[in-house]
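So the sequence lines, in the order shown, correspond to chains F and D. Under our numbering, the first sequence is numbered contiguously, ending at residue 657. Under our numbering, the second sequence is numbered contiguously, ending at residue 352. Just so you know, even glycine gets a beta-carbon here, dropped at the ideal spot from N, CA and C. Here the structure comes first, spelled out in structure tokens, and everything after it is commentary.
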Amino acid sequence: MLRGGAGGIFCALCCIGASGNDVVAQELSEREFLAEFPTVLSASRLRQDPSETPQAVTVIDQAMIRASGAREFAELFRLVPGFTVSYVTYVKGLQPIVSYHGLGREFFSRLQVLIDGRSINNATLGGVDWSEVPFAPEDIDRIEVIRGPSNATHGIGAFLATINFITRYALQQQGAEASVSAGGGGVRDGVMRFGSGAGGFDYRLVAGHRADDGFTGVDDSRRRNFATARADWQPGPADSLLLQAGGTDGSNGTGSGATAFDPRRSVQLTTSYAQAKWEHSFNPANSFYVQAYWYTFRLADQYGVTLPQAPAAGQVSIDGGSFARRSDLEIQQTFGMNPNLRWVWGGSLREDVAEVPSLYAAIRPLHVERLFGHVEWRIDERLLANAGAMIENNSLSGSDVAPQLALNYRFTPDQTLRFNVSRALRTPTVIENQGQFAVGSPGSPREGPAGDLLPETILSREISYVAQWPERHATLDVKVFDDSVRDLIDLIGARDSPGATPFPKNAVNGDSAHERGIEGQYVWRPSAATLLSVSATWLDIDSADRLDNYSKSAPRGTVHLLASQRFAEVWDASVTFHRQGAFRASGNSDPQRAFSRVDARLARQFALWRGEGEIAATFENLFDSHYTEYRLNDVADRRAWLTFRYRMPP
Amino acid sequence: MSAPPAFAAPARRVPRRRRAGLAFAAILLAWLAPTIVSAQVLVVLSDESSGYQAVVAELRTGLHGLRDGELRLDNIIAARLADVDAATFSRYELVVSVGLAAAQAVASRGAATALPPTLCLLIPRQGFDRLALPRDNAGERRVTAVFIDQPLSRQLDLLRLALPESHRVGVILGPSSTALGDELRAGAKARSLDVATATVGERSALYPALQTLLPRSDLLLLLPDPVAINADTLYGLLLASYRARVPVVGFSEGLLKAGSLVALFSTPQQQGAQGAEIARRALAHDGGLPAPQYPREFTVRVNASVARSLGLRVPDEQELQAALGARHGEGDATREAGGATHGGPP
Chain F
8 MLRGGAGGIF
18 CALCCIGASG
28 NDVVAQELSE
38 REFLAEFPTV
48 LSASRLRQDP
58 SETPQAVTVI
68 DQAMIRASGA
78 REFAELFRLV
88 PGFTVSYVTY
98 VKGLQPIVSY
108 HGLGREFFSR
118 LQVLIDGRSI
128 NNATLGGVDW
138 SEVPFAPEDI
148 DRIEVIRGPS
158 NATHGIGAFL
168 ATINFITRYA
178 LQQQGAEASV
188 SAGGGGVRDG
198 VMRFGSGAGG
208 FDYRLVAGHR
218 ADDGFTGVDD
228 SRRRNFATAR
238 ADWQPGPADS
248 LLLQAGGTDG
258 SNGTGSGATA
268 FDPRRSVQLT
278 TSYAQAKWEH
288 SFNPANSFYV
298 QAYWYTFRLA
308 DQYGVTLPQA
318 PAAGQVSIDG
328 GSFARRSDLE
338 IQQTFGMNPN
348 LRWVWGGSLR
358 EDVAEVPSLY
368 AAIRPLHVER
378 LFGHVEWRID
388 ERLLANAGAM
398 IENNSLSGSD
408 VAPQLALNYR
418 FTPDQTLRFN
428 VSRALRTPTV
438 IENQGQFAVG
448 SPGSPREGPA
458 GDLLPETILS
468 REISYVAQWP
478 ERHATLDVKV
488 FDDSVRDLID
498 LIGARDSPGA
508 TPFPKNAVNG
518 DSAHERGIEG
528 QYVWRPSAAT
538 LLSVSATWLD
548 IDSADRLDNY
558 SKSAPRGTVH
568 LLASQRFAEV
578 WDASVTFHRQ
588 GAFRASGNSD
598 PQRAFSRVDA
608 RLARQFALWR
618 GEGEIAATFE
628 NLFDSHYTEY
638 RLNDVADRRA
648 WLTFRYRMPP
Chain D
7 MSAPPAFAAP
17 ARRVPRRRRA
27 GLAFAAILLA
37 WLAPTIVSAQ
47 VLVVLSDESS
57 GYQAVVAELR
67 TGLHGLRDGE
77 LRLDNIIAAR
87 LADVDAATFS
97 RYELVVSVGL
107 AAAQAVASRG
117 AATALPPTLC
127 LLIPRQGFDR
137 LALPRDNAGE
147 RRVTAVFIDQ
157 PLSRQLDLLR
167 LALPESHRVG
177 VILGPSSTAL
187 GDELRAGAKA
197 RSLDVATATV
207 GERSALYPAL
217 QTLLPRSDLL
227 LLLPDPVAIN
237 ADTLYGLLLA
247 SYRARVPVVG
257 FSEGLLKAGS
267 LVALFSTPQQ
277 QGAQGAEIAR
287 RALAHDGGLP
297 APQYPREFTV
307 RVNASVARSL
317 GLRVPDEQEL
327 QAALGARHGE
337 GDATREAGGA
347 THGGPP
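What follows is the structure, given as structure tokens:
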């Protein structure tokens, strides 16, 4: 009776509420079972099984990020086979340098680094502004590292490797959160985060501050404020819109004080970005996205120098600053012809604008147009072919093609061999192409005409073995490689080269390098509470080293280990071990000797006033191994800090 | 007493031309009905959408040839049922309702007139249990159903078969599905599964609930609930689960296509065929109806691209279906519905 009554009232409500879908939808009916939904996990949103990717891929997920204790984004890449992480302290202050298979320089990069598909390589020299990431490590969902060239799939600049940060959806972090860290080495960090949303519109706001004193005895402190706003909006059932904007602002200490031209001083760094990405899915196999973003970088570094000697005695004002802006528009479509054949194609337009007053030259913008496509063909249950190419045309060095062919052969259900041959390009940056790199007297000529550089090319050959043990939750990936890198762009007159002259310096296609080696990674997650990751690399670089010491630009051997365990549902303990061989980075580096380093983290969670709290102690270089980074006076010390975090659910 | 009035059934918008046609059909039916002595089966549809039509097609096929081909199936949509007069209505040998709204419309007729033997198809068990049905005559069942839902035991067995490594089952319970909580926990315990539930009272509470549930779950089992699982919440639910590497097990083909790893459901055809068999027996045995039951035939589907992406090795569909079928045969399907005997003998 009562039920009938309730039903009557309910039905009466239905009648009244003609537009009241919410009321109608309260009662479970067959509609829930028969409803069609738009495809949420479309092909473009799904990450590929590591045994099916055309290149070797390492994924660093949030669990690994937390376990590593890293507060410096660049430090995370120590865990990835083939990567080295180093730090320079001059010109812009403390800057991490991340490289894959060596060949890394201070302010250049042969890696493509993306945040949610948006490049953060600096448009002037192509380097990565690692200190300018406008959020905290907790905002990352995972980092996909493509270990090898991948122009056809990851675009312009995907030369030696590609790093793609994928940040969390707004709806993954709802509620309010705050954390503060303080410790030795001047570590003073704070982050506030708030996320909310309803009705298909979710947003997250993150603001924070990062500071540390850098290396002991070196004037390389960093102070940075950052903020990011992200919104995920679903205007319709098959559409989603990502809107992001943010920036960083702060100062770096720099200058050795050793010469009048390099006084101790503070430089200002400011970045900003905005990004919009619209995704539409027609059906599970067919979707596209359109993305636009811009990124600006400004370095302000003005100081006066008193010249003691004639003819230019007196006060000279030096502007060591720079400005760069990158604008990029990209479209990509993924469609499956049938379950065994999938196409991805797209194109992009990019403009890089740079101003560098110290180069005394007006720099023309660089325009790059790119078309790319690849096809994934599941020939049978065992064989997967992936073929693709990128055609790039740019306003300075013309057109070129980067093709790629990969074959994945799954010879048992859990073991795969991958054969991959690919060619990739690195377009010279605006400054490489047009600038001259030394502070000379105004009007010093460039050696060679501007715009005469060829893109760097790599021909990469890879054979990989990927094994998965689903029942043990373990994966092993081993890659053997043989890469030829040609037309490496470097500076005439760089240190150690026979024809070294102080002025002028400009970039030329000078060297080649032949890289061979083997690298691998084993990741084991026996339970949700335990994680073990081991990676190791052996690498040999052969080069004539005409302009730089490429042949020693990466350690011969590295081993990294990360182990993490959760106890009693509230304790997290993790330890990281790094062993890196001796090497000497390209550029103005000193030799770095081999070192071992141990990091550790211990955290405890507890319930706290309507939410949860966590206290963590992080130790970097626990045993105080005094190894050096880029320069001999950049000596690593033990550093420890405490982090307190509080999260209140919505 | 206060049974839901038939006119209140939420009908979908019908194009004007079709509406005119339906009205004409209804008038024609009302006019013809009293003159036809052998009015036999009345099929009441919630509306004209294709899912319902598929059931009718199966019924037609299943009843074909009965009574020397003289058996007639009359079709009507729920919103027009009130136009059928009481005498005509009570002369039907069997009424088959397709959809919840149709069942509610038929039940409301039952308050005033004697209800012919009634078979409800495409109806959730909960909706059937809540129907205001007249009491049965002693020893004779007047109303039965083939539920659209799958028995929980079958869903839990599927989890063990498809993802044997996953023991921690996360379940979001909404206002409708919360009633299943105890049965779920008992069934899980019997299969050595640990169930973690989060109860949400409104849509906006889903994501916060997921944030606490996903870290404690190896997989997420979806139970039908219009508040917790709907077109608005599904997008975030699937994305958040995927990002947490927690596979989702769904209860419909729509959920599978959207991004669930596995789905267990019965198609309208499968339910129509089972309905036709019940109707056949009922017509042959002069109104004897079996107990309300879960669908006997079911479909297991696996989303291969999601499985690959999550790095999961899931047995193929046929294998899962065969293994699950071996445990959940015809007898089981009826027995499992033992708890749902609304309108049955005490």
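Using a Cβ-Cβ cutoff of less than 6 Å, which residues in the same chain neighbour residue i once the five nearest sequence positions on both sides are dropped?
{"i": "F/T482", "result": "Q475, V530"}
{"i": "D/P130", "result": "I154, D155"}
{"i": "D/A84", "result": "A15, V50, S52, A107, A108, A111"}
{"i": "F/V140", "result": "F80"}
{"i": "F/S93", "result": "I104, A592, E636, Y637"}
{"i": "F/Y176", "result": "D239"}
{"i": "F/A236", "result": "L212, A252"}
{"i": "F/G193", "result": "D219, D220"}
{"i": "F/V428", "result": "L412, R468"}
{"i": "D/I42", "result": "Caution is warranted here: a pLDDT of 47 is assigned to D/I42, below 50, making its placement in the model unreliable, and the coordinate value is therefore given only provisionally. Cβ within range, chain order: n/a, list empty."}
Does residue i come within less than 8 Å of chain F when only Cβ atoms are used?
{"i": "D/G265", "result": "yes"}
{"i": "D/G281", "result": "no"}
{"i": "D/S172", "result": "no"}
{"i": "D/Y213", "result": "yes"}
{"i": "D/L248", "result": "It is Tyr, not Leu, that sits at residue 248 of chain D in the sequence shown. It does; some Cβ of chain F falls within 8 Å."}
{"i": "D/F304", "result": "no"}
Residues in its own chain within less than 7 Å of residue i by CB, not counting five upstream and five downstream?
{"i": "D/P122", "result": "S96, Y98, E99, L100, V101"}
{"i": "D/G207", "result": "P181"}
{"i": "D/L158", "result": "L186, E189, L190, G193"}
{"i": "F/Y300", "result": "R125, Y280, A281, Q282, D335"}
{"i": "F/Q572", "result": "A536, T537, A580"}
By DSSP, does residue i sit in helix, in strand, or in coil?
{"i": "D/T184", "result": "helix"}
{"i": "D/A120", "result": "coil"}
{"i": "F/A81", "result": "helix"}
{"i": "F/T46", "result": "coil"}
{"i": "F/T96", "result": "coil"}
{"i": "D/F134", "result": "helix"}
{"i": "F/R654", "result": "strand"}
{"i": "F/A281", "result": "strand"}
{"i": "D/R314", "result": "helix"}
{"i": "F/Y300", "result": "strand"}
{"i": "F/N1", "result": "For residue 1 of chain F there is no data in the structure shown, the boundaries of chain F being 8 and 657."}
{"i": "D/T41", "result": "Its pLDDT being 45, under 50, D/T41 is placed unreliably by the model, and nothing is read from it."}
Check whether chain D comes within 8 Å of residue i, counting only Cβ atoms and requiring the distance to be less than that.
{"i": "F/E145", "result": "no"}
{"i": "F/V47", "result": "yes"}
{"i": "F/L414", "result": "no"}
{"i": "F/A205", "result": "yes"}
{"i": "F/R237", "result": "no"}
{"i": "F/Y176", "result": "yes"}
{"i": "F/D123", "result": "no"}
{"i": "F/D549", "result": "no"}
Here's the rule: buried if 16 or more other CB atoms are within 10 angstroms of the residue's CB, otherwise exposed. What is residue i?
{"i": "F/V408", "result": "exposed"}
{"i": "F/A464", "result": "The question names Ala, but residue 464 of chain F is Thr in the sequence shown. Buried."}
{"i": "D/K195", "result": "exposed"}
{"i": "D/Q324", "result": "exposed"}
{"i": "F/M71", "result": "buried"}
Any heavy atom of the ligand GTP closer than 7 Å to the beta-carbon of residue i?
{"i": "F/N401", "result": "With respect to small molecules bound, the structure shown includes none, and the ligand GTP cannot be examined in it."}
Nearest-angstrom Cα distance between residue i and residue j?
{"i": "F/L466", "j": "F/A159", "result": "14 Å"}
{"i": "F/F201", "j": "F/G620", "result": "16 Å"}
{"i": "F/R646", "j": "F/A431", "result": "40 Å"}
{"i": "F/S294", "j": "D/V104", "result": "35 Å"}
{"i": "D/Y58", "j": "D/R86", "result": "16 Å"}
With a threshold of 8 Å on Cβ separation, who are the neighbours of residue i within its own chain once the five nearest residues in sequence on each side are excluded?
{"i": "F/V487", "result": "E469, I470, S471, G524, I525"}
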